[in-house]
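**Student:** Residues 1 to 349 in the UniProt record's numbering are what the sequence shown spells out, letter by letter. We treat Cβ as the ideally placed atom computed from N, Cα and C, and that holds for glycine. Predicted, not measured: the structure shown is a model, and the values here were computed from it. Here it is: the structure, laid out below.
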Amino acid sequence: MHIIAASKRVRFKMTVDASTKQVLDAMQKITAHIGNPSKFSKASKLALQLVQAGSVNAESCDHFFEILQAAMSSPFSCTDPGLRADYHTLFSAVQDGVNCFNKQQQKQLETWIIRAQVANDLFTDDSFTFSKASARVKQAISSLPETSLEDDILEETLVSSREDENGDIEKLKDITDEGSQGSENHPVKQVPSATEELETDPFGLDALLPKPSKKDERARKKMEETVSNKKALDDAAKLLREHREALMQCLEIAAGRYRIPWAQTMIDILVKYAFDSISRFTARQRDVIEKLWASIREQQMRRRQGKSATGKLDVTAFERLQERYANEKISIRHGVGDGGERRAQQWLG
């Protein structure tokens, strides 16, 4: 309650703004539910209200980032037909209305936006939106660094570890099932708690030990810095892998829509650009891009060899214009099609 004095009158202003604790409690509840696809729609709307109310600030920014992290715990949920619109709305609002993330969080957000916003724009029926999304994918590809042999080796290691992990999970399930059956006949022996165990230093002798020297302290700090730097490098490498995977998802979505006539030219350009930039992707991703480009080329050949309803070759608008202006004549006044002798062979390639 605030007292506001205006001339001789005294007015009381009642405020109902949520406290920081209430906002943080709400964010924790949203985080607990937003990762569940069946609850995502409702939880995302609550998160959106926090953004629109200006509740995401320096005090609550990390907690809100945990909401987004939980929402993207399954990277392919955001392209689910029943969830696309809610994902797109939430991350568009975050992109426009939240500016408190640190550098690392901002980089992670860029990857999530590719999955939740750009990838979903590639499902659109609007040619302008599709073209804009394709351009954003191209720009993101151009920003990727060249891959190295270490990247390929790391990728193979991660794939192998995931396969081993899945196998271990299955084995663990079998062991758990067997253990649950035997536990009825063989009760587990209780482990004594820490309070029941003897103290490790009952006579306080640790206080008599010599304190670490300055040299030992410097060595300890250096070790901590080394560990911290390694973690930062590992985090950056992980983020780059996720960024590449998000772009691969976009390429596969776009290529899957090649049957739509108005999208074919843009898909041609996008997949060709990815193929020309193939050195920016890992070995497994390069294999996928090569197959995508081969599929596009095959469909181009089929389209050119087939006949449309008008009896003409079934080609895209770009290809029709390319063929048309390559055969047009240019007059002495540089006008196209005025009976001149010079042909526009360089027009559109």
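(1) Would you kindly work out how many angstroms separate the C-alpha atoms of L270 and K222, rounded to a whole number?
(2) Look at M266 and S131 and say whether their C-beta atoms are less than 9 angstroms apart.
(3) Classify I260: buried if its beta carbon has 16 or more other beta carbons within 10 angstroms, exposed otherwise.
(4) Helix, strand or coil, according to DSSP, for K307 in the structure here?
(5) Quick check on DSSP: helix, strand or coil for V159?
(6) Helix or strand or just coil, what does DSSP make of N120?
(7) Please state whether DSSP places E146 in a helix, a strand or coil.
(8) Using the Cα positions of Q264 and V159, report the straight-line distance between them to the nearest angstrom.
(9) Using C-beta distances below 7 angstroms, list every residue in its chain close to R286, excluding the 5 sequence neighbours before and after it, in chain order.
(10) Out of curiosity, what's the CA-to-CA distance linking A237 and E150?
(11) Reducing DSSP to helix, strand and coil, say where G35 ends up.
(12) Grab the span of the alpha helix (DSSP H) containing C61 for me, first residue to last.
(13) Tell me whether G97 sits in a helix, a strand or coil according to DSSP, three-state version.
(14) Any contact of the stretch 61-68 with the stretch 77-86, i.e. 3+ C-beta pairs under 8 angstroms?
(15) To test your reading of the DSSP string, which unbroken beta strand (DSSP E) runs of 3 or more residues are found completely within the stretch 209-252?
(16) Evaluate the contact criterion for the stretch 46-53 versus the stretch 84-98: three or more CB pairs, one atom per stretch, below 8 angstroms.
(17) Using a 10 Å radius around the Cβ and a threshold of 16 neighbouring Cβ atoms, would you call N102 buried or exposed?
(18) Do L122 and I253 come within 9 angstroms of each other at the CB atom, strictly closer than that value?
**Tutor:** Taking the geometry as given:
(1) Rounded to the nearest angstrom, the gap between the Cα atoms of L270 and K222 is 47 angstroms.
(2) Closer than 9 angstroms, so yes.
(3) It is exposed - the Cβ of I260 has fewer than 16 other Cβ atoms within 10 Å.
(4) With a pLDDT of 49 at K307, under the threshold of 50, the modelled position of this residue cannot be trusted; read the value that follows with caution. Looking at K307 - three-state DSSP - the assignment turns out to be strand.
(5) Three-state result, V159: helix.
(6) Here N120 sits in helix by DSSP.
(7) In the three-state DSSP reduction, E146 falls in the coil class, being neither helix nor strand.
(8) Rounded to the nearest angstrom, the two C-alpha atoms are 33 angstroms apart.
(9) Correct list, in chain order: I278.
(10) Cα-Cα distance, rounded: 11 angstroms.
(11) DSSP places G35 in the coil class of the three-state scheme, outside both helix and strand.
(12) Membership of C61 in the alpha helix (DSSP H) is indicated by the continuous run C61 to A71.
(13) DSSP, read as helix, strand or coil, puts G97 in helix.
(14) Fewer than three Cβ pairs drawn from the stretch 61-68 and the stretch 77-86 lie within less than 8 angstroms of each other, which leaves the two stretches out of contact.
(15) Segments of the beta strand (DSSP E) lying fully in the stretch 209-252: there are none.
(16) Taking a contact to require three or more Cβ pairs closer than 8 angstroms, the stretch 46-53 and the stretch 84-98 qualify as touching.
(17) When all chains shown are included, N102 counts as exposed.
(18) Against a cut-off of 9 angstroms, the Cβ pair of L122 and I253 comes out as a contact.
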